[in-house]
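Undergrad: The structure's right below; bear with me while I get my questions together.
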Amino acid sequence: MTPTLRAYADKWLETADVTLKASTVAFYRENLRRRILPALGSRAVGSLRRADCRDLVTQCRAKDLKASTVRGIARTLSTILTLLPANPALRLGRYLRSADDPEPIIDPFTKDEAAHIVAVARERLPEWHPWLLCALRTGMRAGELLALQWGDFNWRRQFVQVQRNLVRGVLTTPKNHQRRRVDLSHQLAATLRLWRRRQRAAWFAAGRPFPDWVFTSVTGTALDESNVRKAFNRILDAAGVHRRGPHQMRHTFASLLLQEGAPITYVSQQLGHRGSAITLRVYAHWLPDASNDRLVNRLDDGASHVTQVSPATSDEEVQRALSGLKSVVSRVGIEPTTRRLRVCCSAN
């Protein structure tokens, strides 16, 4: 007997829990629970047709879901049906127009705004100051910041090894499975080392072991995402800056680095992008404008023998140069007239 889609999905998720990243499984599980199983869960897997899958996409779009959200739902359905002889949910993305996707909101802080909120956090919410500064100086993703441990830091060479991610309370690998080194600025390194000394003393005074996590709750566990967002909103409110998500600090890091002239390849490596093309597509707007810098002049030979005419050349010098040409250039043309040309012209 052919199982229902619900039973088939439950079995598939058991295998996925072992073979896929926790964050990926959570993504699939949420799409199944909220969108796919309520509509198709009671159907036998073998009875599903492409028309059924198209109808699911249409229903989701009718609920005003973002095109990217619906695309994720379609991808989830297609993924769990991969083992079928004919996958009815394959390539459903063609029924979604890319133009339906709104442009992602990139609203970074200016350099002055970033300095201001750091100062406000230091004075009014000092327990959040190291986390805020670390976000602005490293451009790490929110989950990567929450998953930082003291053993990830190389203080001598001033970098941190990003090697884990915390998503919905589940510890997993960084996005795209890409571990990377992120440089530490002098200010950030000094701030974090002071933070570590103070935290170690506080936990010792409380008679409790020093946690591995860099940013911890009062019980010594990793911070919760929702509590971090609430704290960030409190900082912005105290600073008089309009609210935006913590991810905008990542955009701030990238945009400010590029405005300072950092190579796009370096910024891409620090962010953990798969390639600099992604970085360029997202942050091209913040690249310095070189249109007025006459960069082509940098290609010239420094010992060039070409003599440039000075704009300060006097009118008298120009007149002398022109008088020398009058004996060469004819009044009736660029070349002086000759007898041969007169003969040819008269013949015509």
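Take my numbering: the final residue in the sequence shown is number 345, and no numbers are missing along the way. Just so you know, even glycine gets a beta-carbon here, dropped at the ideal spot from N, CA and C.
Using 10 angstroms around the beta-carbon of P0, count the other beta-carbons present and answer buried if the total reaches 16, otherwise exposed.
TA: Here residue 0 is taken as the residue at index 3 of the sequence shown, counted from 1. P0 is classed as exposed because its beta carbon has fewer than 16 other beta carbons within 10 Å across all chains shown.
Undergrad: Would DSSP call A281 helix, strand or coil?
TA: Translated into the one-based positions of the sequence shown, residue 281 becomes position 284. Reduced to three states, the DSSP call for A281 is helix.
Undergrad: Here's a check: name, in chain order, each residue in its chain whose Cβ is nearer than 6 Å to the Cβ of A347, leaving out the five neighbours to either side.
TA: Residue 347 falls outside the range modelled here, since the chain spans only -2 to 345, and no answer is possible.
Undergrad: Determine the DSSP secondary structure at N230, reduced to helix, strand or coil.
TA: Here residue 230 is taken as the residue at index 233 of the sequence shown, counted from 1. In this structure, N230 counts as helix in the three-state DSSP scheme.
Undergrad: Looking only at its chain, what residues have a beta carbon closer than 7 Å to the beta carbon of A86, apart from the 5 residues adjacent to it on each side?
TA: Within the sequence shown, residue 86 is the residue found at index 89, counting from 1. Once the five neighbours on either side are set aside, the close Cβ partners of A86 are C50, A71, L74, S75 and L78.
Undergrad: Alpha helix (DSSP H) containing L168: first to last residue?
TA: Taking the sequence shown and counting its residues from 1, one reaches residue 168 at position 171. Premise fails: L168 lies in the beta strand (DSSP E), V167 to T169, not in any alpha helix (DSSP H).
Undergrad: Taking the C-alpha atoms as reference points, what is the distance between C341 and V293?
TA: Numbered from 1 along the sequence shown, position 344 holds the residue referred to as residue 341. Numbered from 1 along the sequence shown, position 296 holds the residue referred to as residue 293. For C341, the pLDDT reaches just 45, beneath the cut-off of 50, and the residue's location in the model is therefore unreliable, although a value from the coordinates is still provided. Each residue's Cα considered, the two are about 48 Å apart.
Undergrad: Buried or exposed: T32, going by 16 or more other Cβ atoms within 10 Å of its Cβ?
TA: One-based indexing of the sequence shown puts residue 32 at position 35. Checking the displayed sequence, the identity of residue 32 turns out to be Arg instead of Thr. Buried is the call here.
Undergrad: Which partner residues does R177 have in the DSSP bridge list?
TA: On the sequence shown, position 180 is the one that residue 177 refers to. R177 is bridged by DSSP to V159.
Undergrad: Using only the alpha-carbon positions, how far apart do P208 and T135 sit?
TA: Here the question's residue 208 lines up with position 211 in the sequence shown. Here the question's residue 135 lines up with position 138 in the sequence shown. Taking the straight line joining both Cα atoms gives about 22 Å.
Undergrad: With DSSP as the reference, identify every bridge partner of F150, one or two as the case may be.
TA: As a working note, residue 150 is residue 153 in the sequence shown. Its beta-bridge partners are V157.
Undergrad: Spatial neighbours of R193 within its chain, please: CB distance less than 7 Å, with the 5 preceding and 5 following residues excluded, ordered by chain position.
TA: By 1-based counting over the sequence shown, the position of residue 193 is 196. Excluding the 5 residues flanking it on each side, R193 has same chain C-beta neighbours closer than 7 Å at W147, in chain order.
Undergrad: Determine the DSSP secondary structure at A83, reduced to helix, strand or coil.
TA: Position 86 of the sequence shown, counted from the start, is the residue given in the question as residue 83. In the structure shown, A83 sits in coil (DSSP, three-state: anything other than H, G, I, E or B).
Undergrad: Excluding the five sequence neighbours on either side, which residues of its own chain have a C-beta within less than 7 Å of the C-beta of P105, listed in chain order?
TA: Taking the sequence shown and counting its residues from 1, the one referred to as residue 105 is at position 108. Here the set comprises Q245, H248, T249 and S252.
Undergrad: Tell me which residues share the same chain as F212 and place their Cβ nearer than 6 Å to its Cβ, disregarding the 5 neighbours each side in the sequence.
TA: Here residue 212 refers to the residue found at position 215 of the sequence shown. Within the same chain, W128 and L220 come within 6 Å of F212 by CB-CB distance, once the 5 residues on both sides are set aside.
Undergrad: Which term fits Q56, buried or exposed, when burial requires 16 or more other beta carbons within 10 angstroms of its beta carbon?
TA: As a working mapping, residue 56 is identified with position 59 in the sequence shown. So Q56 ends up on the exposed side.
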